[in-house]
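Shown next, in structure tokens, is the structure this report addresses.
Chains as they are written, first to last, in our numbering: chain A, 1 to 212; chain B, 1001 to 1212.
The following block contains the structure:
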């Protein structure tokens, strides 16, 4: 996105730190964008995911393009992007955003049986830690309607862009404001469902919800 | 992403309202995910964009995969996703997020000459309305380093998922809290660059920055 980010090496050569950065980015996010092939054309869609050790688990319907691509062994590409700030540089060229992103590539596998069931639990708990104990577990019909596609965190790269603008020295002292506008995701006061029993309090895991 | 969203029809059949929803989503966002082909495999990456009438303009370096795909007439897919809330349902199956997304497909064209120059201005102003008057304009070298790829907003679909959880009637009244945790993007107090002249005030267009 314009600036020269810190490009973290592909994993075959990575340092331990890199893996922890990749995990941290994947754990803070929960919406990814997945690209797959349909009639030899690329299609990108958003979906929910959760990291499970060295895999990313993608949520979708059984008939989704992602699940169909995985079943036929067609490659997937998955991106998770967290935007941290507007980089307000003195030049148009250096104006950009600060962000952290992970992109991974690989074939997906559609989880079955106990793995599938466990993955659906991880999805709930990944989206809202603490929620799993409260939700009604899926029925067999619901499980059949929901596909989880696992993609290994193997061929992966991460980019991290942070800090103040990197203006050209010739642009300094020109009387133009420069800096960063921090961007954060905020989680508001939970809104009860219209059909909620009135005496029920908001669970702690929702009133204190945050991801970073 | 799990729930049954309002699927807005593809544009050949769309109502006028649909177009305005698509524009509103594209105008609120500024980071998109672009899928392109590399050696017949899909690759997805995040990048900055701005809407220009009935086109989306994608920002990248001249040597980026997006620009190369556009030059060889290879198809692109572009997604913009805005996440509005955690849908806290009583069942795992209905748990999801509220979101608005646009996905478009098409070939990209690399802008040249005056179109390229104008697109770079639109990028600055799209990211931070009001900024264009203050930034130092790009040099010829900077312009050559930066590619803008235009994709028509033509083969496009939008999904909008909003409102409370859609729980199964059998799950109501079970003493489990349900509702929505609103999600918003917040823009913090601008942080001056370390090399900023100390007397410069934060411009109004930054202290009042918001996108929705």
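Glycine included, each C-beta is placed from N, C-alpha and C at the ideal position. Since this is a predicted model, take the numbers as computed values, not measurements.
Residues of its chain near residue i, where Cβ-Cβ distance is below 7 Å and the 5 sequence neighbours each way are ignored
{"i": "residue 207 (chain A)", "result": "190"}
{"i": "residue 1144 (chain B)", "result": "1062"}
{"i": "residue 205 (chain A)", "result": "128, 129, 130, 131"}
{"i": "residue 60 (chain A)", "result": "47, 66, 67, 147, 149"}
{"i": "residue 97 (chain A)", "result": "1, 83, 85, 86, 87"}
{"i": "residue 1073 (chain B)", "result": "1107"}
{"i": "residue 1111 (chain B)", "result": "1119, 1148, 1150"}
{"i": "residue 116 (chain A)", "result": "143, 148"}
{"i": "residue 80 (chain A)", "result": "25, 26, 29, 32, 101, 102"}
{"i": "residue 64 (chain A)", "result": "147"}
Contact set for residue i: own chain, Cβ-Cβ below 6 Å, skip 5 residues either direction
{"i": "residue 100 (chain A)", "result": "25, 82, 160"}
{"i": "residue 165 (chain A)", "result": "87, 89, 94, 178"}
{"i": "residue 118 (chain A)", "result": "none"}
{"i": "residue 126 (chain A)", "result": "50"}
Whole-angstrom C-beta distance between residue j and residue i, which should lie under 8 Å
{"i": "residue 34 (chain A)", "j": "residue 44 (chain A)", "result": "7 Å"}
{"i": "residue 1049 (chain B)", "j": "residue 181 (chain A)", "result": "Wrong, their Cβ atoms sit about 18 Å apart, outside the cutoff."}
{"i": "residue 151 (chain A)", "j": "residue 78 (chain A)", "result": "6 Å"}
{"i": "residue 69 (chain A)", "j": "residue 178 (chain A)", "result": "Rounded, the Cβ-Cβ distance is 44 Å, inconsistent with contact."}
{"i": "residue 122 (chain A)", "j": "residue 52 (chain A)", "result": "6 Å"}
{"i": "residue 185 (chain A)", "j": "residue 1185 (chain B)", "result": "6 Å"}
Cα-Cα separation between residue i and residue j, rounded to whole angstroms
{"i": "residue 13 (chain A)", "j": "residue 104 (chain A)", "result": "Interpretation of residue 13 (chain A) is limited by its pLDDT of 32, a score under 50 that renders its predicted location unreliable; no figure is taken from the coordinates."}
{"i": "residue 1162 (chain B)", "j": "residue 120 (chain A)", "result": "22 Å"}
{"i": "residue 1042 (chain B)", "j": "residue 1201 (chain B)", "result": "45 Å"}
{"i": "residue 56 (chain A)", "j": "residue 137 (chain A)", "result": "22 Å"}
{"i": "residue 212 (chain A)", "j": "residue 188 (chain A)", "result": "15 Å"}
{"i": "residue 1018 (chain B)", "j": "residue 1183 (chain B)", "result": "23 Å"}
{"i": "residue 1157 (chain B)", "j": "residue 1037 (chain B)", "result": "21 Å"}
{"i": "residue 1039 (chain B)", "j": "residue 172 (chain A)", "result": "43 Å"}
{"i": "residue 22 (chain A)", "j": "residue 155 (chain A)", "result": "12 Å"}
{"i": "residue 54 (chain A)", "j": "residue 108 (chain A)", "result": "13 Å"}
{"i": "residue 1113 (chain B)", "j": "residue 28 (chain A)", "result": "41 Å"}
{"i": "residue 192 (chain A)", "j": "residue 1174 (chain B)", "result": "14 Å"}
{"i": "residue 1153 (chain B)", "j": "residue 1197 (chain B)", "result": "42 Å"}
{"i": "residue 1071 (chain B)", "j": "residue 1195 (chain B)", "result": "39 Å"}
{"i": "residue 1092 (chain B)", "j": "residue 141 (chain A)", "result": "13 Å"}
{"i": "residue 170 (chain A)", "j": "residue 20 (chain A)", "result": "38 Å"}
{"i": "residue 75 (chain A)", "j": "residue 1076 (chain B)", "result": "16 Å"}
{"i": "residue 1058 (chain B)", "j": "residue 1203 (chain B)", "result": "27 Å"}
DSSP state of residue i mapped onto helix, strand, coil
{"i": "residue 106 (chain A)", "result": "strand"}
{"i": "residue 170 (chain A)", "result": "helix"}
{"i": "residue 19 (chain A)", "result": "helix"}
{"i": "residue 149 (chain A)", "result": "strand"}
{"i": "residue 1063 (chain B)", "result": "coil"}
{"i": "residue 26 (chain A)", "result": "helix"}
{"i": "residue 1207 (chain B)", "result": "helix"}
{"i": "residue 134 (chain A)", "result": "coil"}
{"i": "residue 1143 (chain B)", "result": "helix"}
{"i": "residue 1120 (chain B)", "result": "helix"}
{"i": "residue 127 (chain A)", "result": "helix"}
Same chain, Cβ closer than 8 Å to residue i, five either side skipped, listed in chain order
{"i": "residue 1124 (chain B)", "result": "1131, 1132, 1135"}
{"i": "residue 1199 (chain B)", "result": "none"}
Interface partners of residue i on chain E, CB under 8 Å
{"i": "residue 197 (chain A)", "result": "In the displayed structure, chain E is absent; the protein chains listed are A and B."}
>> Extract the residue ranges of the beta strand (DSSP E) inside the segment 154 to 201 of chain A, only unbroken runs of 3 or more that lie entirely within it.
In response: Annotation: the segment 154 to 201 of chain A contains the following complete segments of the beta strand (DSSP E) (minimum length 3 residues), in chain order: 155 to 161, 179 to 187.
>> Which complete beta strand (DSSP E) runs does the segment 32 to 102 of chain A hold, if anything under 3 residues is left out?
In response: 41 to 52, 55 to 61, 75 to 88
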